[in-house]
Structure formats: structure tokens, C-alpha cells
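Q: To convert a position in the sequence shown, counted from 1, into the numbering used here, add 115.
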Amino acid sequence: MTAAPSLSDIYLHIRVIISIIVGLCITTLLSGFARFVQHPRRERPSILHLGWAASLLLWVTHFWWWEFRLASIRSWNFETYLFVIFYAILYFLLSKLLFPDDISEYGGYEQYFLSRRRWFFALLAGTLVFDYIDTALKGTAYLHSFGIEYPIRLAINLAFCIIGLISPNRRIQLTVLTLTIAYQITFIILYYNVQ
116 MTAAPSLSDI YLHIRVIISI IVGLCITTLL SGFARFVQHP RRERPSILHL
166 GWAASLLLWV THFWWWEFRL ASIRSWNFET YLFVIFYAIL YFLLSKLLFP
216 DDISEYGGYE QYFLSRRRWF FALLAGTLVF DYIDTALKGT AYLHSFGIEY
266 PIRLAINLAF CIIGLISPNR RIQLTVLTLT IAYQITFIIL YYNVQ
């Protein structure tokens, strides 16, 4: 009979799978950014679209750092494994939604983004729900270590998602984008003691 794998072996296996998915996500985002350099006349940039792509790159980077704490999970099962993989897949879907293979039927990236905003913000809200569950999986002490700031952060970001999902207004969308990025950066600076 084969011995059960150690926790470090399980964590390594999960980390590799998540790395592949996160790598695909980052590749999609960076390739999308590169399109504007490669074809400056063909691809019309939009501050709204590029802002959300930059924001997603920050979310994904933070997600990958956040997932380092998966090492603290002491009991893995297939359901937890599947959950964590699906959580990473949500970020990949968001990246593909921001940079699809073809937008020729739209007037540009901004029109495309606004037409797909419901999908985008629904998936982004899904990452927030998954984030809470993922954090709880890492242990009650870990969940409570964030204090009241963590549920407030989730609630504020969910509110931003709801506003973004509902409103096609460009000014409102830019306001939601600006507030989201500002809040992301503030949380990272405060939580990780960035100097």
C-alpha cells in the first residue's frame, strides 16, 4: 500500500495547478496590453477598459500572494482542491472577458466592456464570495486576524460590483474603477505594511 502524500506534497501539487491557471491569466492580460503597442492604429485603447485590465492584474497578483496561505490548510479533500482551482479559474475568465479573441463586432474596447459589464462584475463579485470562503478555509484564527476591515473590504467591493453591473454610464464606471483601485492599493499597503 502506498503511503498518503504529505501536506507539503499536496500543497506543492495545488500550487503548481494554480500557478498554471494564474500564469494563463497574467499572459492573457499582458498579451492584451501588448496589442495596443503592436497595433496602435488598429486597437483603440479605452481608459475604462485598460483601467479594469490593470486592476485585474493587481487583483490576480494579490490573489497569488494571498494563496500562499494555502499551506496552512491541514486537511485537504477533493472538494477543497476543486474549490481552489475554480477560484483561480474565475480570474482567468475575467482576463479572457477583458481581452477576447475578437471584438470586430464592437466599436472598440470601451463599447465591448460596457456591453459585457454584467458578466465582468458578476464574475468579479464571485471572486469576492470565493475569497471569503477561501479565507475561512485557512482557519478561523486566520479569518479573524483581519479584524473588521476584511468584511468591510468585501462589502465595499461587492457594492462597487453591483453599481458597475447596473450602470452603463461611463462616469459612474470610471468612478467605480478609480475607487476600486484606490481601495485595493490602500488595503495592500495597510495589510502588508508596504513602505
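Virtual Cβ for every residue (Gly too), placed ideally from N, Cα, C.
It should be emphasised that the depicted structure is a prediction, and the values quoted were computed from it without experimental measurement.
Using DSSP with H/G/I as helix, E/B as strand and the rest coil, what is Asp246?
A: helix
Q: Which residue marks the beginning of the alpha helix (DSSP H) containing His154, and which one marks its end?
A: Premise fails: His154 is in no alpha helix (DSSP H) and is neither H nor E.
Q: Taking 7 Å as the line, does the beta carbon of Asp124 fall inside it for any heavy atom of the ligand NAD?
A: Here there are no bound small molecules, and the ligand NAD is not part of this structure.
Q: Identify the continuous alpha helix (DSSP H) that holds Ser210 and give its terminal residues.
A: Phe193 to Leu213
Q: For Pro160 versus Tyr265, is the C-beta distance shorter than 8 Å?
A: no
Q: Would you call the segment 203-214 in contact with the segment 137-150, where contact means no fewer than 3 C-beta pairs closer than 8 Å?
A: Counting C-beta pairs closer than 8 Å gives three or more between the segment 203-214 and the segment 137-150, which meets the contact rule.
Q: Give every residue of the same chain whose Cβ lies closer than 7 Å to the Cβ of Tyr126, excluding the five residues on either side of it in the sequence, and list them in chain order.
A: Taking Tyr126 as the centre and dropping the five residues before and after it, the same chain places the C-beta of Leu185 and Ala186 closer than 7 Å to its C-beta, in chain order.
Q: Starting from Ile278, trace the alpha helix (DSSP H) in both directions and tell me its first and last residue.
A: Glu264 to Ile281
Q: Among Tyr298, Val131, Phe183 and Gly166, which residue has its Cα nearest to the Cα of Arg285?
A: Gly166
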